[in-house]
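Asker:
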Amino acid sequence: MEIEIDGKVANVPDGSTIMDAATRLGAYIPHFCYHKKLSIAANCRMCLVQVEKAPKPLPACATPVTNGMKVFTHSELAVNAQKGVMEFLLINHPLDCPICDQGGECQLQDLAVGYGGSASRFQEDKRVVFHKDVGPLISMQEMARCIHCTRCVRFGQEIAGVMELGMASRNMHSEITTFVGRSVDSELSGNMIDLCPVGALTSKPFRYSARSWELSRRKSISPHDSIGANLAIQVKNNVVMRVLPRDNEDVNECWISDKERFSYEALNSPTRLSKPMIRVDGALREVDWKVALDYVAHGLKDVVSNSGGESLAALASPQATLEELYLLQKLTRGLGSGSVDFRPRRRDFSTDGKLAGLPWLGLKLSEIKDLDAVLVVGSFLRKDHPLFAQRLRQLAKKWGKVSLLSVGGDDPLIKLHAQVTVSPAELPLALAAVVKAAAQLKGEAVPAGLASVEPCAASEAIARSLLDGEKRAVFLGNAAEQNPQASQLHALALELSRLTGASCGFIGEAANSVGGYVAKAVPTALNAYEMFAQPRQAYVLLGVEPDLDCHNPQQAVAALKDAALVVMLTSFNDGAMLDYADVLLPITPFTETSGTFVNAEGRVQSFNGVVRPLGDARPGWKVLRVLGNLLALPGFDQDTSEQVRDEIIPAGQALLSGLDNSLSGLPWSLTAASGSLQRVADVPIYFADPLARRAPALQKTHAAAAPTARMSAQTLATLGLTDGLPVRLRQGSGEAVLTARADETVPARCVRVAAAHPSTAALGEMFGAIDVERA
Amino acid sequence: MLTSESLKRIDREIAKYPAEQKQSAVMAALAIAQEQQGWLSTEAIECVANYLGMAPIAAYEVATFYNMYDLKPVGKYKVSVCTNLPCMLTGGVDAGEYLKKKLGIGYNQTTSDGLITLKESECMGACGDAPVMIINNRRMCSWMNPEEIDKLLAELK
Amino acid sequence: MAILGALNPMLSVGLDGDNAWRLADYVKRGGYQALRRILEEKLAQGDVINEVKKSVLRGRGGAGFPTGLKWSFMPRSFPGDKYVVCNSDEGEPGTFKDRDILRYNPHSVIEGMAIAAYAMGAGRGYNYIHGEVWEIYERFEEALDEARVAGFLGNNLLGSGFNFDLFAHHGYGAYICGEETALLESIEGKKGQPRFKPPFPASFGLYGKPTTINNTETFASIPYIINLGGETYLEAGKANNGGTKLFSVSGHVNRPGNYEIPLGTPFATLLEMAGGMRGGRKLKACIPGGSSAPVVPAATMMDCTMDYDSISKGGSMLGSGAVIVMDETTCMVRALERLSFFYYEESCGQCTPCREGTSWLYKVVHRIESGKGRPDDLDLLASVTTNIMGRTICALGDAASMPVQSFIKHYRDEFAYHIEHKKCLVPVEVQRAGSGFFTATV
Ligand SMILES: Cc1cc2nc3c(=O)[nH]c(=O)nc-3n(C[C@H](O)[C@H](O)[C@H](O)COP(=O)(O)O)c2cc1C
Ligand code: SF4
Ligand code: FES
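Protein chains in written order, with numbering that gives the first Met the number 0: chain D, 0 to 774; chain E, 0 to 156; chain V, 0 to 441.
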């Protein structure tokens, strides 16, 4: 299709709109309701343009291009129409830009300068619109500013997958609202703030804390989940004021999750650790760096020389930077210990040493949109990976058949092809059923060991979807990787992939779930679980809070309390660490250091600090390097984080090489689930990492409500428990008292008790046996 | 919240539409809920939304868009008077004024005994019968001169 | 009696008697013969459409679009679901003809829709009925039951192998749902917000499927066209304006009501049929096609014949055939104020020019009416209407603007008087007398 816009010619595919063509030509057509990722509403009418032979101006966003079309965006007809619309938009809009929070970054303000009249001809009373309280994240305080573009409504329906906002009433009294007093709870809700072209929806935590022109905008990468969302961080006076998405179609498109948007509040938390601390006579005291580092170096050396290298273990958070992870393992190995790991929530490590390459997603994020079928195994999709789930949601809307094998029946807000919800212990069996069904459908011999497995209708439907179509994928989620039989799941997924031709991969829990492998932060001796099961003399903890981040916090904390030396490299000084740490070394969070995250697809994304370190905090990689020097270990002479990175990944490499999920020599042995009551531990989205759990606004959301003990009505009845009454939960030597809740999404014979929360930190294994009784 | 009788009526409406288009029955379902309750409470809207598998806010959009839903309690009888131009020419506005005086209330008000709520309404598609008014969304009264209005009021007790 | 008067009627023939609406009565009048013949003779779909084309039946809902042509846009051989939808939302002030068709002759609509469904290969239909006429909705449901039992609806119609089922959907108080795409949204269980076109309903209609929407009277005319033949139907009216049409006469006449007359009948004849001007007063103005049509001064109106072309030449539109008659007791400012309030109130609120513009128009007209007008208000109104017209998603924006423009054009003096003297040219007592509310109606 050939189209001419203001004399410039473009060729566009059939089905394009005038707006698409203009975008291609780089011609700007004013608009409000149009958004490239949302359906076309054509309601604002700002984009009216003149089309040759059309008697009336037409909306560019909605008018399909016809061959030979001639469009004029600046003709008298077009400009008059645009000016007319602008006048209408302004008549009921408060004209108080100087006091509006959106001032300086308002699309209406920008366009009004070009298209608005100077004096208003509207001399009636303006519309009055009441403000609404929709929760701690979005402010709807100023709804009189709304121009009814319905971007926020369409975002909910189309991208977030849940309609929480709507436009109620009609005529000029139409107003955007939630259902009578409800809050907006979507984990992607903050994007509506970005989408709102005026100051109607604003960020509650950010509101009136700065003017847009006082902020400088710096690039960064999200440290939370494994997507590696690209961020624009806005800074004023060396303080992070706001976090926004940075467009990257291949990674996060133009979105970020609320966790990524609002966690920044933790960076300015009063519990930030700004000086090193050492336990003296039982209490932690501030010291200066030199004292602290000498103390640590001596302490480590003593332990190693007295009890041997293996008496030391090091554990890092998978959200640590690549550089930190690399230097930590180097330090540990330099001291003679192979007990270093970065996977604290993992339980089954039997694939270690059998991996053919670096485990990863199995395909690129941008390839998801072209898949025909997807199977996700063991994931609380929306809460674990909001943006990954969003991609699957869009896929399911188009043609993709998305199925879910999970340990909780949470609604992923994705149109599912099939869903199977089983206990964690049965998850391998459920996957085996799909494998067997696939083999049967293909007419291949049933893989050994699966003879007794019985595929159900759903497993057959899943197998069939994975056999049909061209591009298919199997993804293992967090709950699969954390499962006590993770290696079985891995092997079964590979078998399924072999049978069906689907790719197979891991969604990955955190920013460096792939990076940790390439940084070699994987054990050659004790792994993240064993290092606490077989207590060590000394521990070095990097960015990890074992009471909240470990598979078995009870066991981890016990080991730490007994250890001679616990060194924590951390950004905070609060919580349980005050009981078990001997040394706190203040390291900077991602905004105050340079570093690298390698996302699930193996994308290497380096970033710089956006503000100076707080107080005496120092980048983790520097602290580790100095420690290496103090311990006189070789290979600690890097001057910059880039030098560290280049030791690991060839300079300039954007996508990692050596990605491969294959296994060599792992027999599977399916075990039947035992009869005892099993715990299902999800990691609630806003408890998942040290930043999110310290962000006040996020902590006020419904998603951050204190954990309860959830089980089906039948399980409740069997145990003689009552919905709403307190119950005592026991695992090992620890217990917790929570409220019982009836919840039919929980599999039979299971109790869902969230991990990563202080109220459940005394409990044991995430998916272990659990006792429940009336409290 | 909704009686089994109401749910049965809603089911009959749902059956009019293709199986995956239950939401099509929302207008009828809200009308049925309103008939049962006398008005549409938040709970009733949510109940209808859940029954039809739609977001509560989507049902709320519908309930607030169409004029005949009452999101606040109304009197035992809701009397809606058409005052649109064709009716106005033939006494629609005067009929409204007459009712106001007789009842001692204005539009959108309810008599102190809770019996009658008066509403001004748009064209009812009965302009030839003006003045016209509708009782409780259901019963249309035509050619309402003062005498007829008096009779009607005597009847609504 | 059903229809107050008629000249050479078709639709309203034999509608006397309480049971005229019943299936048995309809069949006695020759009802369902057209459908029966089509099914028995297995008439080609194209032939049915051609017959309708020949009749030059123009849509009775307002726009007057040729029905046969509209039907030919449907992708007849499109495999999936297709729909026919009847627009009985009749909310245009002044119009009340569809109510009477459904009240007295519902089976003509059912038969017309079944024929349309056959011609376009649709398997399902809906009739969207104005919420305020509840007893009509209930009666239509009863008529549907009758038709189903008799085999005129459902699977395998009259043993022909053709399936068509029809359901009634009621509105609940929103004028905009008369706009065809808003109506579809409403059937889908949403707010009645018009869709941007293209795509048109013929390719993307109800539930995204090909759909044809016609007015009640349009469908009701179909059996007569099939029975009489397209040409005979056309000849009943005048060239380019086939057939007879129902006119809803309201306002200052002695016998307001529905009248069926051949298109092309002089307005004077219609006025006479409606009993002439009330109290013998003089005709001042007339809105000949429902409240959205421009107002026409008496002299011009008396020269018009009642058909699409003549009314259009007179500067207005035949629209839905709602004839609102105003005598000299009418204050044109007050009349416009009421209409402007209507469009402001009924705007769906979706698109900017209509949402903001209709409320602005009302506020200014209201100000003038209440004696607070300003000298430049008439220019302001003209400019605001220009900024609305042709720039909205649906035609409600135009519908709200045309009365404003035409009232000011023809009665500028009255508006100017209001602004200058802060009161009405027509004394309030005179206006009141005009309504006849307190003096027993004739
Ligand atoms: C604001 C608005 C209101 C309308 N109201 C009605 C109506 O009440 N009844 C109707 O038949 N058509 C109405 N129409 C016209 C319909 O959109 C549509 O053109 C008509 O139903 C088509 O049927 P026809 O071709 O048989 O006339 C309205 C249009 C607009 C823009
Ligand atoms: S013109 Fe009015 S009624 Fe039509 S879509 Fe726009 S706002 Fe809605
Ligand atoms: S951007 Fe086209 S109408 Fe809003």
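C-beta atoms are modelled at their ideal positions from N, C-alpha and C, and glycine is treated no differently.
1. Kindly say whether I367 of chain V, judged by its beta-carbon, lies nearer than 9 angstroms to any beta-carbon of chain D.
2. Would DSSP call V771 of chain D helix, strand or coil?
3. For K77 of chain E, which option in E:I104, E:A58 and E:F64 has the closest C-alpha, if you only look at C-alpha atoms?
4. So, helix, strand or coil for V234 of chain D, using DSSP?
5. Run the proximity test for L395 of chain V: is its beta-carbon closer than 8 angstroms to any non-hydrogen atom belonging to ligand 2?
6. Out of D:L630, D:M530 and D:E141, point me to the one whose CA is closest to R346 of chain D's CA.
7. Taking all protein chains shown into account, decide if D378 of chain V is buried (16 or more other Cβ within 10 angstroms of its Cβ) or exposed.
8. Should N136 of chain E and S79 of chain E be called a contact, given that it needs their Cβ atoms to be closer than 9 angstroms?
9. Nearest by alpha-carbon distance to F154 of chain D: which of D:H489, D:L136 and D:L194 is it?
10. Below 7 angstroms on C-beta distance, what does E60 of chain E contact in chain D?
11. Under 7 angstroms Cβ to Cβ from A439 of chain V, same chain only, skipping five residues before and after it: list those, please.
12. For W254 of chain D, count the other beta carbons within 10 Å of its own beta carbon; 16 or more makes it buried, fewer makes it exposed. Which is it?
13. Any beta carbon from chain V within less than 9 angstroms of I133 of chain E's own beta carbon?
14. Which residues in the same chain have their Cβ closer than 8 angstroms to the Cβ of L94 of chain D, if we skip the five residues on either side of it in sequence?
15. Just to confirm before moving on: does the CB-CB distance between C423 of chain V and V332 of chain V stay below 9 angstroms?
16. Closest to Q486 of chain D by C-alpha separation, out of D:T670, D:D636 and D:I647, would be which residue?
17. Which residues share a DSSP beta bridge with M567 of chain D?
18. Compare the C-beta of Y206 of chain V with all C-beta atoms of chain E and state if any pair is closer than 9 angstroms.
19. Alpha carbon to alpha carbon, how far is A43 of chain E from C99 of chain D?
20. Counting only beta-carbon separations shorter than 9 angstroms, does I392 of chain V have a partner in chain D?
21. Could you spell out the range, first to last residue, of the alpha helix (DSSP H) harbouring S496 of chain D?
22. In three-state DSSP terms, what is H701 of chain D?
23. Starting from L47 of chain D, find everything on chain V with Cβ-Cβ shorter than 8 angstroms and list it in chain order.
24. Taking 8 angstroms as the line, does the beta carbon of E600 of chain D fall inside it for any heavy atom of ligand 2?
25. Using a C-beta to C-beta distance shorter than 8 angstroms, which residues of chain D count as neighbours of A57 of chain E?
26. Is it buried or exposed for E174 of chain D, if we count other Cβ within 10 angstroms and need 16 for buried?
27. At the level of alpha carbons, what is the spacing between F205 of chain D and R241 of chain D?
28. Going along the chain, which unbroken runs of the alpha helix (DSSP H) with 4 or more residues stay wholly within the region 79–156 of chain D?
29. Residues in the same chain with beta-carbon distance under 7 angstroms from M0 of chain V, minus the five sequence neighbours each way, listed in chain order, please.
30. If you reduce the DSSP assignment to three classes, tell me which class Q730 of chain D lands in.
31. Starting from V643 of chain D, trace the alpha helix (DSSP H) both ways and give me its first and last residue.
32. With 9 angstroms as the threshold, decide whether the Cβ of N91 of chain D is near any Cβ in chain V.
33. Whole angstroms is fine: what's the gap from S629 of chain D's alpha carbon to A457 of chain D's?
34. Do we get a CB-CB distance below 9 angstroms when we pair C85 of chain V with the residues of chain E?
35. Taking the continuous beta strand (DSSP E) assigned at F387 of chain D, which residues delimit it?
36. Does any heavy atom of ligand 2 sit closer than 8 angstroms to the C-beta of S346 of chain V?
Answerer: Once the coordinates are examined:
1. No, I367 of chain V does not count as interfacial toward chain D.
2. Of the three classes helix, strand and coil, the one that applies to V771 of chain D here is strand, per DSSP.
3. E:I104
4. strand
5. yes
6. D:M530
7. exposed
8. yes
9. D:L194
10. Near E60 of chain E (Cβ distances below 7 angstroms), the residues of chain D are G165, M166 and A167.
11. Unreliable placement is indicated for A439 of chain V, whose pLDDT of 49 sits below 50; the coordinate value is still reported in the next sentence. Here A439 of chain V has no same chain residue with a Cβ atom under 7 angstroms from its own Cβ, once five neighbours each way along the sequence are excluded.
12. buried
13. yes
14. S119
15. yes
16. It should be pointed out that residue 486 of chain D corresponds to Ser in this sequence rather than to Gln. With respect to the C-alpha of S486 of chain D, the residue from D:T670, D:D636 and D:I647 having the closest C-alpha is D:T670.
17. D:L540 and D:L583
18. yes
19. 38 angstroms
20. yes
21. Its alpha helix (DSSP H) spans residues A485 to T499.
22. helix
23. R390
24. no
25. In chain order: M162 and G165.
26. The Cβ neighbour count for E174 of chain D, taken over all protein chains shown within 10 Å, is at least 16; the residue is labelled buried.
27. 7 angstroms
28. 106–114 and 150–153
29. Low confidence applies to M0 of chain V: its pLDDT is 40, below 50, so where it sits in the model is not reliable, and the reading given next is rough at best. Closer than 7 angstroms at the Cβ level, and outside the excluded window around M0 of chain V, lie D15.
30. strand
31. S640 to I647
32. yes
33. First, the residue type needs correcting, since residue 629 of chain D is Leu and not Ser in the sequence shown. In this structure, the alpha-carbon of L629 of chain D lies about 59 angstroms from that of A457 of chain D.
34. no
35. That residue, F387 of chain D, is in no beta strand (DSSP E); its alpha helix (DSSP H) goes P385 to K397.
36. Ligand 2 approaches S346 of chain V closely enough that one of its heavy atoms is under 8 angstroms from the residue's Cβ.
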